[in-house]
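Here the structure comes first, spelled out in C-alpha cells, and everything after it is commentary.
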Amino acid sequence: GDGVYKFYSEGEWRNSSSGKSVSIINPTTRKTHFRVQACTQEEVNKIIETAKTAQKSWAKTPLWKRAELLHKAAAILKEHKAPIAECLVKEIAKPAKDSVTEVVRSGDLVSYCAEEGVRILGEGKFLVSDSFPGNERTKYCLTSKIPLGVVLAIPPFNYPVNLAVSKIAPALIAGNSLVLKPPTQGAVAALHMIHCFHLAGFPKGLISCVTGKGSEIGDFLTMHPGVNCISFTGGDTGIAISKKAGMIPLQMELGGKDACIILEDADLDLAAANIVKGGFSYSGQRCTAVKVVLVIESVADILVEKVKAKVAKLTVGPPEDGCDITPVVTESSANFIEGLVMDAKQKGATFCQEYIREGNLIWPLLLDNVRPDMRIAWEEPFGPVLPVIRINSVEEGIHHCNASNYGLQGCVFTRDINKAILISDAMETGTVQINSAPARGPDHFPFQGLKDSGIGSQGVTNSINMMTKIKSTVINLP
Ligand code: G3P
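Under UniProt numbering, the first residue of the sequence shown carries the number 13, and numbering increases by one thereafter.
Listed below in C-alpha cells is the structure:
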C-alpha cells in the first residue's frame, strides 16, 4: 500500500495480501510516523516453508563463505548507520548519538560473530571408548556442531537493530536460516537493517522479516511447527512463549530489577556516576538498567546528594536534540511509570526532584527512603525513575536483591575486592558487576538471567553454540 513499508520474504520486498497496516507512533510527537505491513498467517507459512528449503543448502555452504557474507553485511550496515539511526530516533526516541552507536555496535557484533564462528565451528571432538569401564579401545567418536534449522528471532523495542543482529548473526554463521519478527516500534529500523543483509547477497529465503500484529501472527509464529529455535528478548510475553513453544531450544531474556549495592567504603563519586549512567541512560529503558539502589545508611545522605547533583545536569527533551532523557516509548508505558511514582508518593517516599510529565516525556526522578511495601521497590519501571532503599547491613541488601523474581544483573561498589566477590557469590543474578553499572556488553561476554529473567545464556560464543546441536559419528573397529 501507499507509504507502507514492505515486508521481506523470499528475498523480495512485498505488500501483504491483508491490505492492512500497523502504525508506528513517534513517541515524541505521538503521531503516526511510519506504517508497516500487517502480515497474514499464510504469509508466515510461506516464509517458514522457504526458510526451511533455503537452510538446507546454506548448511552445505562452506563456513568461510558464510563468514564472508556476514563480514560484507557488517560493512554495509555501518555504511547505512545514518538512515538507520534516524529511524531509531523517530520510532523509539533513542537519543541521536546512542542511535548511531547502536548501529555501529551491531556491525561490530556481526563481524565478531563471523570470526568466532569460523573458529568454534571449525573444530570438533574425537573421543575413544576405553576410558569408560568395560570398554576396549574399539570405538572412535567424532563430533561436530550442526545447525538447528529455522531460527525465529524476536527482539524488543529498546534495541531493534542490535538485539536483532545478536540473534541473526549467530544463527546464520551456524548454518541456520532466520525469520525476524521485529517489535512494532523499531520495525522500520529493523527492515532497513535487513536491507543491508539483502544487499550483501545472502541466498533468497534464508533471511526474512515479517511484520504485523502480535494478536494475528505472534502465537502463530512462536507455535509454528516449522520453527526449530526461538531467541526472544523482551518482557513477560517471553514467559507465555516458553509455555506454548514446542520441544525446541529457547533463548530468553526477560527484563530485570538490577540492584546496585553501595558499601560504606565505596568510592561514592564513582558510584554516583554509575547510578546516573546505569539508571537513566536511554531513560531507564534497558533490561540492565540500575533499577534499585541499596545503600548503607551511614553513606546514604552523601550518596543521594551526589546523585541528585548529577541528575540535575541531565538534559530533557526530544531525541533529535541529543537530550539525555527522551520520551518513553508509548503512552501506556508512561502511564505505568506514573502509577509506580504515585504509589510511592502515597506511601511516603521522598521525592528528590519534582515529578514532571509532558506527554510521554518524564523528567528524571530519584525516590529516596523507598520501602519494601512500595511497588517500585520490586517492579520494573522501564523509565527514568529510580528508587533508593536505605539498608543497615550488606545482608539486608543481598536479601532484597534475592527476594526479587528477577535475576538479571546486579552491581556492588566497594574498595574491598574480597567482600565484593563474596557479595557477588551471594547475589542470585546472572552477572554481578564490581564497581560499575550493569551492562550486557562487550557483546562477546556471556549474558544471562536467573529466575524470571531468562533461559540460557547469550553473548556471541554462547549464542552460536546454542543455535547448534552436537552430531556424533562412531566408528566401530572390528
Ligand atoms: O535491554 C536489553 C539488554 O540487553 C541491555 O543491553 O547493552 O543496554 O546493557 P545493554
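All C-beta atoms in this analysis are idealised placements derived from N, C-alpha and C, irrespective of residue type, glycine included.
Asked: Local conformation of residue 45 per DSSP, three classes; Found: strand
Asked: The ligand G3P heavy atom lying under 7 Å from the CB of residue 175; Found: yes
Asked: Euclidean distance between Cα positions of residue 45 and residue 101; Found: 11 Å
Asked: Cα-Cα separation between residue 322 and residue 367, rounded to whole angstroms; Found: 17 Å
Asked: heavy atom of the ligand G3P below 7 Å from residue 265 C-beta; Found: yes
Asked: Option in 79, 103, 304, 133 with minimal Cα separation from residue 482; Found: 133
Asked: Contact test: residue 170 Cβ vs the ligand G3P heavy atom, cutoff 7 Å; Found: yes
Asked: Option in 290, 214, 416, 194 with minimal Cα separation from residue 229; Found: 194
Asked: Which residues DSSP lists as bridging residue 422, in chain order; Found: 271, 444
Asked: Beta-carbon spacing of residue 174, residue 103 below 8 Å; Found: no
Asked: Nearest-angstrom Cα separation, counted from residue 474 out to residue 429; Found: 28 Å
Asked: Three or more C-beta pairs below 8 Å linking the region 306-319 and the region 279-295; Found: yes
Asked: Three CB pairs or more closer than 8 Å across the region 152-166 and the region 240-258; Found: yes
Asked: Under 8 Å between C-beta atoms of residue 183 and residue 126; Found: no
Asked: Three-state secondary structure assigned by DSSP to residue 25; Found: strand
Asked: Start and end residues, alpha helix (DSSP H) containing residue 131; Found: 108-132
Asked: Cα-Cα separation, residue 471 to residue 261; Found: 16 Å
Asked: In chain order, each alpha helix (DSSP H) run of at least 4 residues that lies wholly inside the region 200-249; Found: 231-234
Asked: Span separating the alpha-carbon of residue 486 from that of residue 239; Found: 29 Å
Asked: Per-residue DSSP class, three states only, for residue 399; Found: strand
Asked: Reduced DSSP category for residue 99 - H, G, I as helix; E, B as strand; rest coil; Found: helix
Asked: Closest by C-alpha distance to residue 207, when choosing among 197, 144, 192; Found: 192
Asked: Segment contact flag, the region 305-312 with the region 453-470, C-beta cutoff 8 Å, min 3 pairs; Found: no
Asked: First through last residue of the alpha helix (DSSP H) which encompasses residue 65; Found: 53-72
Asked: Limits of the beta strand (DSSP E) - the one that residue 449 falls within; Found: Unbroken run through residue 449: none, as it is neither H nor E.
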